[in-house]
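*Asks:* So for the sequence shown, my numbering puts the first residue at 68; every next one is plus one.
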Amino acid sequence: MSSAVLAHVALGANLGDARATVSDAIAALDRLPQTRLLRASALYRSAPWEASGPDFINAVAAVETGLGAHELLRALQALELQAGRERPYRNAPRTLDLDLLLYGDAVIDTPDLSVPHPRLRERAFVLLPLAEISPALVTADELQAVAGQAIERL
Numbered sequence: 068m069s070s071a072v073l074a075h076v077a078l079g080a081n082l083g084d085a086r087a088t089v090s091d092a093i094a095a096l097d098r099l100p101q102t103r104l105l106r107a108s109a110l111y112r113s114a115p116w117e118a119s120g121p122d123f124i125n126a127v128a129a130v131e132t133g134l135g136a137h138e139l140l141r142a143l144q145a146l147e148l149q150a151g152r153e154r155p156y157r158n159a160p161r162t163l164d165l166d167l168l169l170y171g172d173a174v175i176d177t178p179d180l181s182v183p184h185p186r187l188r189e190r191a192f193v194l195l196p197l198a199e200i201s202p203a204l205v206t207a208d209e210l211q212a213v214a215g216q217a218i219e220r221l
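(1) Out of TRP116, ASN125, ALA136, which has the shortest C-alpha to C-alpha gap to SER181?
(2) Can the beta-carbon of ILE124 be found closer than 8 Å to that of ARG106?
(3) In the DSSP output, which residue or residues are listed as bridge partners for GLY79?
(4) Going residue by residue through the segment 172-217, where are the continuous alpha helix (DSSP H) segments of at least 4 residues, counting only ones entirely within it?
(5) Using the C-alpha atoms, what's the distance from ARG103 back to LEU139?
(6) Check each candidate in GLN149, ALA129, ARG161, ALA85 and name the one with the smallest Cα separation from SER108.
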């Protein structure tokens with residue numbers, strides 16, 4: 068992977084055995100073509116964001132990948148489908164949700180992909196696990212701004 072890029076992926080699930088689904092998805096990231104799992108955060112439990120339903124199990128993983136950003140996005144969406152992901156409406160409960168948070172230092176704004184993820188800095192369930200595995204990417208002020216959001220490290 069001579070032209071490998073460091074990418075960060077948020078994982079979440081709140082249907083079925085969410086803990087097992089997120090753990091399995093972390094392992095599946097390491098099996099993607101031209102991709103190697105570098106590290107993954109602990110699992111966290113959080114209330115649904117702007118939605119209803121059961122609590123989410125969340126994590127963030129760092130991968131080194133030779134895939135382009137859009138190729139990686141398609142691979143993540145394929146993993147969601149394999150886990151039974153459906154999209155009946157915005158913020159619906161889900162068996163698996165994978166979001167490409169960061170792709171190196173790239174800034175991408177296309178109809179199907181925005182990187183850095185546009186709501187990355189607003190969500191404790193992303194910032195806390197991201198800070199755990201890549202502390203240089205999250206500031207103390209950003210963590211303070213989400214301190215009121217309910218989240219528990221498992």
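Every residue, glycine too, gets a C-beta built ideally from N, C-alpha and C. Being a predicted model, the structure only gives us computed values, none of them experimental.
*Replies:* Result, derived from the coordinates:
(1) To locate residue 181, count along the sequence shown from 1; it is residue 114. Cα-wise, what sits closest to SER181 is ALA136.
(2) Residue mapping note: residue 124 aligns to position 57 of the sequence shown, counting from 1. Residue mapping note: residue 106 aligns to position 39 of the sequence shown, counting from 1. No, they are not a contact pair.
(3) Position 12 of the sequence shown, counted from the first residue, corresponds to residue 79. ASN125, ASP164, per the DSSP bridge assignment.
(4) 191-200, 207-212
(5) Mapped onto the sequence shown, residue 139 falls at position 72. Mapped onto the sequence shown, residue 103 falls at position 36. Rounded to the nearest angstrom, the two C-alpha atoms are 12 Å apart.
(6) Residue mapping note: residue 108 aligns to position 41 of the sequence shown, counting from 1. Measuring from the Cα of SER108, the nearest candidate turns out to be ALA129.
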